[in-house]
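Printed below as a string of structure tokens:
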């Protein structure tokens, strides 16, 4: 064969390969079952450099012969995984704008757009491929795609909507550092879910470091940080040295700028310990002296006043009240002696049903924001303890509370009291398993009625 003819054949072959690569004739075999105008737009998007492919699925969701059918269009735009983050963000924004403009011209069509990149893997859901990068369209899709591509190129195993999976702790630190540096929200987890950090606000480096430190402790099986705080699970048994060491670490850790609640669960979840990292409580949980109503002057504190005896005090109930799904009732104790006497602490309360049986598993918890103090009651004056609980359904449960056994202090003989409204006995929707908040004995409490005025004051300001 002559060299000239051989050279011409090689040139023709190279030209044919170039034409095939540009033309992509295999695209003709890619089926598009959507209406032709949808398929046409998908084909146009495919021509943009940086877009590997665009698919669209169209489904009639409801048939209406009069006003026209409603339909759903689901778009999947596969981006070149080697794009620079800024370039990927620009392309995604461009594609989103084109699709949204097209959908805006259609009638009764709901549209969703999914941007993906990387090699897909099969999932448990039929006809759904899982991509290492998968982000849904949004108003700030450009920023989210930039973040997703940046995280992917920093080593994230997979990336989703403001979320990423790291291969190991070091990789998680790198991804968290990126989010902190760019002041972005991000949810992160390890492949085995032994460490999960979720933040819907900007990633706080101190919170992130706390989660990393907790996960690295001996005998810690998993650590999860989210909006509710830090949850730590240990493989150690309840009461073990390991559990005690983790609890001590949580309690002694330097407090963060904002209080962080923690839970510590043991093997089998038979015991859950709750607390606050470093012992730092939210303002609303810091116990302080109760606020008196504006028109009430504090009684004198008499260090020499004796403690009240059970014969010094007469117990009564205020009328129960309700507001916004909560229930309220006050317990009053009147000093019927001839001299001041002092009380400190909480009354002892037992709730009983109409058969006189004690309600089971009813818990009385102190109101965390109110500090218990010694109250010196002048002769003839009354103190109160506030009770508050959430409304409970009595529709199918006849065991509502109809009476209460109350003792002013531990060791005193209880007095049976029946709640009343306008002089008639009434029941309380406190059932088995109910939870009641209780204040200590107080001279008065802002928003709560004083003796003889039950039900007359608005409960709007009640704690």
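Residue numbers (UniProt numbering): 1 to 463. By construction, the Cβ of each residue, glycine as well, lies at the ideal position given by its N, Cα and C atoms.
Sheet register partners of residue i (DSSP bridge)
i: residue 130; result: 121
i: residue 333; result: 315, 383
i: residue 366; result: 438
i: residue 135; result: 115
i: residue 149; result: According to DSSP, residue 149 bridges with nothing at all.
i: residue 141; result: DSSP output for residue 141 lists no bridge partner at all.
i: residue 407; result: 348
i: residue 388; result: 328, 437
i: residue 416; result: 405
i: residue 160; result: 163
i: residue 154; result: Beta-bridge pairing links residue 154 to no other residue.
i: residue 428; result: 401
i: residue 341; result: 377
i: residue 322; result: 327
i: residue 307; result: 342
i: residue 358; result: 352
Neighbour-count burial assignment, residue i, 16 or more Cβ in a 10 Å radius
i: residue 383; result: buried
i: residue 101; result: exposed
i: residue 327; result: buried
i: residue 207; result: buried
i: residue 476; result: Within the shown structure, residues of the chain are numbered from 1 to 463, placing residue 476 beyond reach of any answer.
i: residue 434; result: buried
i: residue 78; result: buried
i: residue 84; result: exposed
i: residue 126; result: exposed
i: residue 449; result: buried
i: residue 140; result: exposed
i: residue 424; result: exposed
i: residue 220; result: buried
i: residue 29; result: For residue 29, the predicted structure reports a pLDDT of 40, less than 50, and the residue's modelled location is therefore unreliable. The matter cannot be settled from this model.
i: residue 224; result: buried
i: residue 439; result: buried
i: residue 62; result: exposed
i: residue 232; result: buried
Spatial neighbours of residue i in its chain, beta-carbon cut-off 8 Å, leaving aside the 5 residues before and after
i: residue 254; result: 278
i: residue 375; result: 299, 342, 343, 344, 383, 441, 442, 443
i: residue 169; result: 190, 195, 212, 215, 216
i: residue 270; result: 238
Close Cβ partners of residue i (< 6 Å) along its chain, the five nearest in sequence each way excluded
i: residue 89; result: 142, 145, 146
i: residue 151; result: 159, 164, 175
i: residue 421; result: 319
i: residue 200; result: 185
i: residue 408; result: 313, 333, 347
i: residue 41; result: 102
i: residue 315; result: 333, 406, 415
i: residue 290; result: 370, 442, 445
Beta-carbon gap between residue i and residue j smaller than 8 Å
i: residue 427; j: residue 388; result: no
i: residue 313; j: residue 333; result: yes
i: residue 431; j: residue 359; result: yes
i: residue 242; j: residue 234; result: yes
i: residue 118; j: residue 133; result: yes
i: residue 74; j: residue 56; result: yes
i: residue 402; j: residue 354; result: yes
i: residue 229; j: residue 261; result: yes
i: residue 162; j: residue 187; result: yes
i: residue 294; j: residue 340; result: no
i: residue 240; j: residue 193; result: no
i: residue 256; j: residue 210; result: yes
i: residue 405; j: residue 357; result: no
i: residue 68; j: residue 107; result: yes
i: residue 335; j: residue 380; result: yes
i: residue 330; j: residue 410; result: no
i: residue 116; j: residue 71; result: no
i: residue 245; j: residue 371; result: no
i: residue 48; j: residue 113; result: no
i: residue 281; j: residue 306; result: no
i: residue 167; j: residue 157; result: yes
i: residue 248; j: residue 264; result: no
Spatial neighbours of residue i in its chain, beta-carbon cut-off 7 Å, leaving aside the 5 residues before and after
i: residue 429; result: 327, 391, 392, 394, 400
i: residue 459; result: With a pLDDT of only 38 at residue 459, under the threshold of 50, the placement of this residue in the model should not be trusted, and no figure is reported.
i: residue 45; result: 51, 54, 77, 95, 98
i: residue 138; result: 144
i: residue 236; result: 219, 242, 243, 266, 267
Any C-beta of chain B under 8 Å from that of residue i
i: residue 362; result: Absent from the structure is chain B; it holds one protein chain and no more.
Subject >> Completely contained beta strand (DSSP E) runs for the stretch 28 to 93, where each covers 3 or more residues >> reply: 51 to 62, 70 to 79
**OP:** Please specify which runs of the beta strand (DSSP E), each continuous and at least 3 residues long, are wholly inside the stretch 257 to 304, giving them in chain order.
**Re:** 261 to 265, 272 to 276
**OP:** Let me know the beta strand (DSSP E) ranges lying completely inside the stretch 172 to 253, each 3 residues or longer, listed in chain order.
**Re:** 187 to 190, 195 to 197, 220 to 226, 229 to 234
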